[in-house]
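Basically my numbering = 1-based index in the sequence shown + 20.
The structure under discussion appears below in the form of structure tokens.
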Amino acid sequence: MSKIRLKRNTASNQFIGWAAFRPDGLIDEDEVSDYETHPSPTSGAIFNAGKVSRINVVHFLDQIIIDDELWNT
């Protein structure tokens with residue numbers, strides 16, 4: 021679906037919420053570990069990039085879908 025079509029078909033839909041999620045420095049791990057979320061970047065992407073495991077990214081995306089309180093923060 022093109023960006024224009026997506027915007028046209030969803031921008032005015034009151035039942036669709038949007039969030040930008042941009043993990044940095046992805047690494048492989050076998051299990052979910054403790055992690056922190058922030059409403060905006062806390063470090064520079066070029067000189068101070070953090071690391072996050074792919075499994076934690078998936079866990080966070082899963083939680084933000086099912087947890088309304090987390091979604092609204």
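In this text, a Cβ means the ideal position worked out from N, Cα and C, and glycines have one as well.
What is the DSSP secondary structure of residue i, reduced to helix, strand or coil?
i     : result
VAL52 : coil
ILE24 : helix
ILE36 : coil
To the nearest angstrom, report how far apart residue i and residue j are at their CA atoms.
i     : j     : result
ILE47 : THR30 : 33 Å
GLY45 : ASP54 : 16 Å
LEU26 : GLU56 : 31 Å
PRO59 : GLN83 : 16 Å
ASP50 : PRO43 : 18 Å
TRP91 : ILE85 : 7 Å
SER32 : GLU89 : 23 Å
VAL72 : VAL52 : 10 Å
Leaving out five residues on either side along the sequence, give the residues of the same chain with a beta carbon under 8 Å from the beta carbon of residue i.
i     : result
GLN34 : none
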